[in-house]
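J.: The listed protein sequences correspond, in order, to chains F and D.
Heads up, the first sequence is in full-length UniProt numbering, so the first residue is 1 and it goes up one at a time.
Heads up, the second sequence is in full-length UniProt numbering, so the first residue is 1 and it goes up one at a time.
Yeah, the Cβ is synthetic: ideal placement off N, Cα and C, and Gly gets one too.
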Amino acid sequence: MSAESDMEYSDNDGDDYDYYGGQDDCDMETVDRSKADPEYFVFSCLKVEEVEKLLNESIELLSNSLHITPSLAKVILHAYEWNAQEIINKYKENSNEVLMYSHVKPRVPSVQVYSSIKVCAICATSPPIHKYSALACGHYFCNECWTTHFEVQIMQGVSNNIQCMAQECEVLAPEDFVLSHVTNPTLRERYQQFMFKDHVKSHPELRFCPGPNCQWIYHAVAREGARRVECLGCELLTCFTCGAPHHAPTDCATIRKWLTKCADDSETANYISAHTKDCPKCQICIEKNGGCNHMQCGACRYDFCWVCLGDWKSHGSEYYECSRYKEDPNLINDNQHAQAREALKKYLHYYERWENHARSLKLEEQTLACLKTRINRKVMAGEGTWIDWQYLWDSARLLKRCRYTLQYTYPFAYYMEVGPRKELFEYQQAQLEAEIENLSWKVERAETTHRGDLENQMDIAEKRRTTLLKDFLEFNTTNASSSKV
Amino acid sequence: MANIAAKRIKREFKEVMKSEEVADGTLKLELVNNSWTELKGQIAGPSETPYEGGKFILEIKVPETYPFNPPKIRFLTRIWHPNVSSVTGAICLDILKDQWAAALTLRTVLLSIQALLSAAEPNDPQDAVVAKQYRENIELFHLTAQHWTNVYAGGPNVILDFVQKVQMLTDMGVDENQARVALSTFDWELERATEQLFS
Ligand SMILES: [Zn+2]
Ligand SMILES: [Zn+2]
Ligand SMILES: [Zn+2]
Ligand SMILES: [Zn+2]
Ligand SMILES: [Zn+2]
Ligand SMILES: [Zn+2]
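1) With a threshold of 7 angstroms between beta-carbons, can F/I122 be considered close to chain D, or not?
2) Could you pull the start and end residues of the alpha helix (DSSP H) that F/E60 belongs to?
3) Go ahead and pull the three-state DSSP assignment for D/L58.
4) Between the alpha carbons of F/R190 and F/I154, how many angstroms are there, rounded?
5) Does the distance between the C-beta of F/C231 and the nearest non-hydrogen atom of ligand 3 fall short of 6 angstroms?
6) Looking at the unbroken alpha helix (DSSP H) that takes in F/Q193, where does it start and where does it end?
7) Tell whether a beta-carbon distance below 7 angstroms holds between F/A220 and F/F240.
8) Strictly under 7 angstroms for the Cβ-Cβ distance: is F/E327 near chain D by that measure?
9) If I measure Cβ to Cβ from F/C300 and keep anything under 6 angstroms in the same chain, skipping five residues before and after, which residues do I get?
10) Are F/V210 and F/T238 touching if we call contact CB-CB under 7 angstroms?
11) What does D/P67 touch in chain F if you count any residue whose Cβ is under 7 angstroms from its own?
12) DSSP state of F/E39, grouped into three classes?
13) Counting along the chain, where does the beta strand (DSSP E) carrying D/Q42 start and finish?
14) Output needed for F/I162: all residues of its chain with C-beta closer than 6 angstroms, excluding positions within five of it in sequence on either side, in chain order.
15) Against chain D, with Cβ distances strictly below 7 angstroms, would F/V221 count as a contact?
16) Verify whether the separation of the beta carbon atoms of F/C169 and F/H149 is less than 7 angstroms.
17) So F/E230 is in the beta strand (DSSP E); what residue range does that whole segment cover?
18) Does D/K97 come within less than 7 angstroms of chain F when only Cβ atoms are used?
19) Hey, would you say F/I76 sits closer than 7 angstroms to F/S116, going by beta carbons?
20) Determine contact between the segment 65-83 of chain D and the segment 127-137 of chain D, defined as no fewer than three beta-carbon pairs at a distance below 8 angstroms.
21) F/P174 by DSSP, collapsed to three states: which one?
22) Would the beta-carbon of F/R464 fall within 7 angstroms of that of F/L432?
23) What residues match up with F/N414 in a beta bridge as DSSP calls it?
24) Are any of the Cβ atoms in chain F nearer than 7 angstroms to that of D/A101?
25) Using beta carbons (cut-off 7 angstroms, strictly below), is F/H149 in contact with chain D?
26) Confirm the yes/no value for this check: CB of F/C45, any heavy atom of ligand 3, distance under 6 angstroms.
27) State whether the segment 178-191 of chain D contacts the segment 113-125 of chain D, with contact taken as three or more CB pairs (one from each stretch) at a distance under 8 angstroms.
28) So with CB distances below 9 angstroms, who are the chain F contacts of D/K7?
29) Would the beta-carbon of F/C279 be found less than 6 angstroms away from any heavy atom of ligand 2?
30) May I have the straight-line CA-CA distance separating D/M17 from F/H130, to the nearest angstrom?
Okay, here's the thing in structure tokens:
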């Protein structure tokens, strides 16, 4: 219940700064934090093995309660986004519906009779009858064809969503069936890796750290809005809700629009004609081999628009809402030209500031690294202990955190409607900006600045930051209770 | 080429050649090379559609992994249709993408493409411009499609007004195909098409 207006910046042990700096132990019990920090969000950072254990618990629970194989349990859990309790309840009501919804069972059963099979419809050979197999739908094909089918799918990154080979049959092949046909050890391993990735991606309480080559996985109870998580491995700040870099006070939809716009405007031509893109849902790389803009990811079967990477479902008859289509320069008349120039000016205004803070943030990371060396040197030279110089370290970390938030106020302002609320926001933003520059100046000269003076400035900057977040973070303003832990 | 792919294509080629559609002239299929990796198909425009009387050539490329992956098919004949790119001939059809199944055959695929000409899916457009015209001005869409069928696919219906407008632009030095695309895009309004071509 932290979202009330007056906030007391507690100058406790400085541990608060950790979220924007180095190591943190992600402890879950510090209720004080949620008071001091409007962005406070409970999460944990897990290793692959820990997540495997967590998933296995759900799989075991389901397979024991429904008396089904773990392989089938995986198919069903995947279909129901890992909500085991919901599945168990629905299964009690109507087990058939659960099995059909998960594509374990077909809605229309096959009429083929096993004993009458003479030829494999795929390869047109006639192996002995015991060399055929079928999924629950009863579409029999020869084992060699199943093997090739699975190999081709695995090579293309598909794992959980491999369908039966029959026409218009949506029944999915469970793990044990796939593995009983695939003997190549490399492919078996790839299959299981893809499967794990898919499971994490389909699980609402899990998210991969998007850091390059980072293996950590966040675990949290999903909530609306920009929710900050920090990686134990690479220290990246990420929004748990949408997976973009953490972006408070901007909300998820807005930051997405903004980042797309930035990418688009800087290299529009390249962007649209590029032949590969990452699936917006699972990030697997997809090659566009035809001209069709309606794409479907082979791995997660997400339907999306090639042009704007938006959900295809939201296009449908509103295809013309696709933003880039509207901005087609060929379709703009003179009057719109003027408007476009105006719009570009506005965009550049915010973009330059956004870029500038991003650059400053990088520089401050360097400052932080230098500072560490400098403090170490002092300690080695007998000029006090680390504890004595901790405040310097804290000040640089706090600066980084403030700068980070400031950077993300620009997309927010860009999309804000003109009015008193925007005026208030830009007033607070300007104040934050001013205090950050003051702090930055003092941090650079930290050793000659009076400690009290520096700490006072830290206090002011952080207060401005938290006030802005409290007033404008969507879940603080629209639904104060949601920040209750 | 993989063993199964060649075997399957040969079998499907025979199936098509023996089909009633080949007998009555609505489908044609021929080999482009001896390795069975590329074929050329032809479908007749269905009756009671703007494509009636036209013959449409399709490029069919058979991947190494056929039939576990779909064949790659596009129109070589230019066509004005919401689900086909008026520029590249790329086709938006579910069975050529996610709804492909190894059990499908060339004949079913060709027939599905032909069926697409009879029943467009404007909500799953390949060509946004065509789909827009289809939704907003179906009559003009019909005439435009008929005109394209006449010019590119040998269809019988000459739309004189359109022919004249294209001629006016080519007289100004515009490439004929470009002129036709611009006019079709701007609902045959000469002024807007000209503006776009010369801007
Ligand atoms: Zn077979
Ligand atoms: Zn089946
Ligand atoms: Zn990480
Ligand atoms: Zn977000
Ligand atoms: Zn995907
Ligand atoms: Zn779009």
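T.: Taking the coordinates as given:
1) yes
2) V48 to L66
3) strand
4) 7 angstroms
5) yes
6) P185 to S202
7) yes
8) Low per-residue confidence applies at F/E327: pLDDT is 36, beneath 50, and the placement is therefore not dependable, though the value from the model is reported in the following sentence. Chain D, which has no Cβ nearer than 7 angstroms to the Cβ of F/E327, makes this no.
9) K281 and C282
10) In the sequence under discussion, the amino acid at residue 210 of chain F is Pro, which differs from the Val named in the question. Yes, they are a contact pair.
11) For D/P67, the chain F residues whose C-beta falls within less than 7 angstroms of its own C-beta are I122, listed in chain order.
12) coil
13) E38 to A44
14) Q153 and A173
15) no
16) The answer is no: Cβ separation not under 7 angstroms.
17) R228 to E230
18) yes
19) no
20) yes
21) coil
22) Taking 7 angstroms as the cut-off, the beta carbon of F/R464 is found closer than this to the beta carbon of F/L432.
23) A small correction: the amino acid at residue 414 of chain F is Tyr; Asn does not occupy that position in the sequence shown. For F/Y414, which the question treats as bridged, DSSP gives no partner whatsoever.
24) Chain F contact via Cβ: present.
25) Chain D contact via Cβ: present.
26) Checking every heavy atom of ligand 3 against the Cβ of F/C45, none is found closer than 6 angstroms.
27) no
28) Going along chain F in sequence order, the residues near D/K7 (Cβ under 9 angstroms) are C123, A124 and T125.
29) no
30) 34 angstroms
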